[in-house]
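Novice: Here the protein sequences line up with chains H and D, keeping their order. Counting in this note's numbering, the final residue of the first sequence is number 315, and the numbers go up one at a time with none missing. Counting in this note's numbering, the final residue of the second sequence is number 1338, and the numbers go up one at a time with none missing. Input: one structure, supplied below.
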Amino acid sequence: MAVITGQEKLDLREPKGWRRTKNRTATVLMITAFVLALVPLVFVLITTIAKGISIISWSFLTQPIPPQVAPADQGGIGPAVLGTIEITAVATAIAVPLGILGAIYLNEYGGKGVLARLIGFFSDVMTGVPSIVMGLFLFSIWVVYFGFSGFAGALALAALMLPIVIRSTDEMLKLVPNPLREGSYALGATKARVTLTVVLPAAIGGIVSGALLAVARAAGETAPLLFTILTVMTANPNVFSGPNTAIPAQIFSNATSPYVGAQDRAWGAALTLIVIAFVLMIVARMVTARFTRFSR
Amino acid sequence: MEQPEQNIVTGLQPQPQPTAQPQAPPTAQPQAPPMDQPRVPAAPGEVVFDVEKVSCYYGAFRAVTDVSLSIHEHEITAFIGPSGCGKTTVLRTLNRMNDLVQGARVEGDIRYRGASLYGKDVSPIAVRRRIGMVFQKPNPFPKSIYDNVAYGPRINGEHNKRKLDEIVERSLRQAALWDEVKDRLGKSGLSLSGGQAQRLCIARTLAVEPDVVLMDEPCSALDPIATGAIEDLMHEIKTRYTIVIVTHNMQQATRVSDRTAFYSVLRNEKSDTRTGVLVEYGPTERIFHDPSDPRTEAYVTGQMG
C-alpha cells in the first residue's frame, strides 16, 4: 500500500449532530423501558421468595390442609398439590394432542379452505375469552349435570390451553421451510409421511416448549377452577368425581382469609407454583435442545 | 414467431438417421442404451418421457405453452433459457411436483415409458418413487447424514439395518461424498458445506434407485469446484440413470448434456402476457454450434438473455 503524504487525514469518527442525539435518546429510552419491565418481575420474585421460603418444606408439600386458623407451622397444602397434578395432567392429556392435531390440520391439510380458516379464526377468538368465563361455561354445561369434580376443572383448563397450543404449534409448523417438504415428497413420501417424518420432527422443539408453556399457564389458573372443583380442603385422588382442590385455588382462599397462618401458607403455595412453572420452563428448554440437535 | 411443432421435434436429426423415432412406443425400441458414449449417441436409447403439447398453468396464468419433446434413456438432457421461460415448470411436471403448488394445472400429455403421467388413476407418490428430484437449494433434512440417505429406503419399507448400511454407503459413494463423511454419519446433515449438502441430496435421491433424476439448477448455489464435482458425478451416474437438468449456465449445458432444449419467453403485446415456449430441441452440439432458430443463436452466443 502506498503511503500518501501531504494529505489530510481521513476523519472516520461518528459525526456530531442531530443523528447522534437521536441515537443516544433511543438507546436511553430502550434501556429504561427494559429496566422498568424488569422491576415488577423482580419484585414479584423477591417478595414471593422472601415470604414463602421459610414455610416450604417436604411436609408443607405433603401434609393435609389445616383449618385456616391454624398457625403457619401446622399442616400444608398436600391435597392442593395432588389436585393440581391430577387436574393439570388430565387437561394436558386433552388439550395437547387435540391442539397439535388441530394445528397440523390447519397447516398441512386445511390449506386455505373454509373449514381451516374457520378453525383458525375461532381458536384466535378463544384465546381472548376471559378464564372466568371458561369456568362459568363449564359450570353451566358440565357441573350442573355431573357435579363438581377435578375433571370439570380439567375441561375448563383444557379449553384455555387449546388455543394456546394450536397457535404455538401453528407458528412452529409455519417455520418449517417448504423445500424440506418438497424434498420428502420428491422421494415418494405420502403426505402423512411428510408430516410425521419431516415436518413434525423439524418443529417438535418449538411444539413441545409451546405445549409446556400452556401447561404452566394452566397450572396457575384460578378463575376457571372456582366454579368447577369447588376448592375443598380434603385430598381427592379420584379426578373424575367429587370436589377437588388445587394450589391456585388454595392460594385464593388462604390469601383472602384474615388469619396470619393461612396467609403464610398462601405465600408458600405461591412460591411452589412459581417453582413448578420454573421447572416446566427448564424441561421445555431441555426438550427443545434435545430435539433440535440436528438443526445446527 | 410461431415455430412449427415438427421442426422442434425433428431437431433431433439434422443428419439423416435410419432409426427415425421419438414418438414410437418404447417397446419398439429394443436397442441397448448407449453406455460409454458421452456425446450424442448414434442411436438414442429408449424414450423415457414423451412430452406432447404440454401447457402449464398457475391459476389463470399460462406459464408454458405447447411443449413437445422426448427424453431418452441414459442421457443427460439440459433445459436452458432465460428466467421465466418455464423450464423449471416443465421439469416439475415430469414427476408431478407441481401438484403441490396450489392452482397448478397441466394440459396435454406426458407419457413416461408409455404410461400417461397425468392419467386418471396415476398416483403422484408412485411417480415420484421412480422419478427423483434434486432441488436448486440443497435441502437436507434436519437429521443425521445417515438418516438423510436412509430416509427414502425407509419410507419404502426397508428397515433391515444391514441393508440400510449398504444402501447408505453405496449411495454416498455414488454421490462422491463417502470419503468425506464416512466418519461422521451421525452428524447433522445441516453441518455440511453447500456442495457437500447438495451431494448429500443427490445421494438421498439415488438411495431409492430411481429411474430418472430431475435436477433443478443443482449447482446455482455452489462454487465452481463444488459445481465441477457435481458435474463429474452426473457423468458417472448417467450410465445407470436418466438425467434431466435445468441450468442457467450454458457452459454447464455444453459440458454435461447430450441434448439441449432451449426455451424462451413469448410476449403477447396485445394482452401484455408472457408465456414460456420451447424454441428448439436437439443434440447439444448442434444447439450450440448450428442452431436453426435465430433466437437460439442469439441466446447461446450471448446476445440475449
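C-beta atoms are modelled at their ideal positions from N, C-alpha and C, and glycine is treated no differently.
For the 8 angstroms Cβ check, are there 3 or more pairs between the segment 1219-1229 of chain D and the segment 1175-1184 of chain D?
Specialist: The segment 1219-1229 of chain D is in contact with the segment 1175-1184 of chain D.
Novice: Express the C-alpha separation of H:Ile123 and H:Leu137 in angstroms, rounding to a whole number.
Specialist: Roughly 15 angstroms separates the two Cα atoms.
Novice: Compute the beta-carbon to beta-carbon distance between H:Val184 and H:Val218, rounded to the nearest angstrom, for a pair I have assumed lies under 8 angstroms.
Specialist: 16 angstroms between Cβ atoms; not a contact.
Novice: Three or more C-beta pairs closer than 8 angstroms, one from the segment 190-208 of chain H and one from the segment 1137-1150 of chain D: is that the case here?
Specialist: The segment 190-208 of chain H, when compared against the segment 1137-1150 of chain D, does not touch it at the 8 angstroms Cβ threshold.
Novice: Any beta carbon from chain H within less than 8 angstroms of D:Pro1175's own beta carbon?
Specialist: Yes, D:Pro1175 counts as interfacial toward chain H.
Novice: Could you name the residues of the segment 195-207 of chain H whose beta carbon sits closer than 7 angstroms to any beta carbon of chain D, in the order they occur along the chain?
Specialist: Residues Pro198, Leu199, Glu201, Gly202, Tyr204, Ala205, Leu206, Gly207.
Novice: Is the shortest distance between the beta-carbon of H:Ala221 and the beta-carbons of chain D less than 8 angstroms?
Specialist: Closer than 8 angstroms: yes.
Novice: Would you mind working out which of D:Asn1128, D:Asp1265, D:Val1279, D:Thr1329 sits nearest D:Ala1159, comparing C-alpha positions?
Specialist: The residue with the shortest Cα to Cα distance from D:Ala1159 is D:Asn1128.
Novice: Quick check on DSSP: helix, strand or coil for H:Val302?
Specialist: Of the three classes helix, strand and coil, the one that applies to H:Val302 here is helix, per DSSP.
Novice: Could you give the first and the last residue of the continuous beta strand (DSSP E) run that contains D:Ser1103?
Specialist: From DSSP, the beta strand (DSSP E) with D:Ser1103 extends over 1094-1105.
Novice: Kindly list, in the order they appear in chain D, the residues whose Cβ is closer than 8 angstroms to that of H:Gly225.
Specialist: Chain D residues near H:Gly225: none, gap ~12 angstroms exceeds 8 angstroms.
Novice: So H:Ile301 packs on H:Ala289, CB below 8 angstroms; how close in whole Å?
Specialist: Not quite, the Cβ-Cβ distance comes to about 19 angstroms (not below 8 angstroms), so this is no contact.
Novice: Which residue wins for smallest C-alpha separation from H:Ala99, given the options H:Tyr278, H:Ala303, H:Ser272, H:Leu206?
Specialist: That would be H:Ser272, whose Cα lies nearest to the Cα of H:Ala99.
Novice: If we count Cβ pairs, one from each stretch, closer than 8 angstroms, do we get three or more for the segment 102-110 of chain H versus the segment 241-260 of chain H?
Specialist: Short answer: they touch.
Novice: What does D:Ala1137 pair with, by DSSP beta-bridge criteria?
Specialist: For D:Ala1137, which the question treats as bridged, DSSP gives the partners D:Tyr1091.
Novice: Taking any Cβ of chain D, which residues in the segment 120-151 of chain H have a Cβ under 9 angstroms from it, in chain order?
Specialist: Cβ contacts with chain D come from Gly130, Lys131.
Novice: Around the Cβ of D:Cys1234, are there at least 16 other Cβ atoms within 10 angstroms (buried) or fewer (exposed)?
Specialist: The residue is buried, with at least 16 neighbouring Cβ atoms inside 10 Å.
Novice: Give, in chain order, every unbroken run of the alpha helix (DSSP H) that is at least 4 residues long and sits entirely within the segment 1197-1236 of chain D.
Specialist: The segment 1197-1236 of chain D contains these whole alpha helix (DSSP H) runs: 1211-1214.
Novice: Taking contact to mean 3 or more Cβ pairs, one atom from each stretch, closer than 8 angstroms, check whether the segment 63-76 of chain H and the segment 220-237 of chain H are in contact.
Specialist: No, they do not touch.
Novice: Using only CA atoms, which one of H:Val152, H:Asn197, H:Leu199, H:Ser203 lies nearest to H:Ala178?
Specialist: With distances taken between Cα atoms, H:Ala178 lies closest to H:Val152.
Novice: Return the CA-CA distance between H:Leu232 and H:Leu299, expressed in angstroms with no decimal places.
Specialist: Each residue's alpha carbon lies about 8 angstroms from the other.
Novice: Return the first residue and the last residue of the beta strand (DSSP E) that D:Asn1301 is part of.
Specialist: That run of the beta strand (DSSP E) goes 1292-1301.
Novice: Taking just the CA atoms, how far does H:Ile223 sit from H:Met305?
Specialist: Rounded to the nearest angstrom, the two C-alpha atoms are 12 angstroms apart.
Novice: Opposite H:Asn263 in the DSSP bridges: which residues?
Specialist: The partner list for H:Asn263 (beta bridge, DSSP) reads H:Leu249.
Novice: Indicate whether H:Gly147 and H:Gly102 have their beta-carbon atoms separated by less than 8 angstroms.
Specialist: Against a cut-off of 8 angstroms, the Cβ pair of H:Gly102 and H:Gly147 comes out as no contact.
Novice: On the CB-based measure, 16 or more other CB atoms within 10 Å of its CB, does H:Ser76 come out buried or exposed?
Specialist: Exposed, by the Cβ-count rule.
Novice: Please list, in chain order, the chain D residues whose beta carbon lies closer than 8 angstroms to that of H:Arg212.
Specialist: Simply Ile1188.
Novice: Is it true that the CB of D:Ala1240 sits closer than 8 angstroms to the CB of D:Val1182?
Specialist: Yes, Cβ-Cβ distance for D:Val1182 and D:Ala1240 is below 8 angstroms.
Novice: Consult DSSP for H:Pro90 and reduce its assignment to one of helix, strand or coil.
Specialist: H:Pro90: coil per DSSP, three-state reduction.
Novice: Does the beta carbon of H:Thr13 come closer than 8 angstroms to any beta carbon on chain D?
Specialist: Only positions 20 to 315 of chain H appear in this structure, which leaves residue 13 of chain H out of reach.
Novice: Determine the contact status of H:Ala230 and H:Val115, defining contact as a CB-CB distance below 8 angstroms.
Specialist: Taking 8 angstroms as the Cβ cut-off, H:Ala230 and H:Val115 qualify as a contacting pair.
Novice: Opposite D:Glu1085 in the DSSP bridges: which residues?
Specialist: DSSP lists D:Asp1142 as partners of D:Glu1085.
Novice: If we count Cβ pairs, one from each stretch, closer than 8 angstroms, do we get three or more for the segment 1078-1085 of chain D versus the segment 1254-1268 of chain D?
Specialist: Cβ pair count under 8 angstroms is below three, so no.
Novice: Beta carbon of H:Ala242, beta carbon of H:Ser159: below 8 angstroms?
Specialist: Their beta carbons are not under 8 angstroms apart, which means H:Ala242 does not touch H:Ser159 by this criterion.
Novice: Would you report the Cα separation of D:Ser1088 and D:Phe1094, rounded to the nearest angstrom?
Specialist: Rounded to the nearest angstrom, the two C-alpha atoms are 11 angstroms apart.
Novice: Rounding to the nearest angstrom, what Cα-Cα distance links H:Thr307 and D:Gly1228 in this structure?
Specialist: Cα to Cα, the separation comes out at about 29 angstroms.
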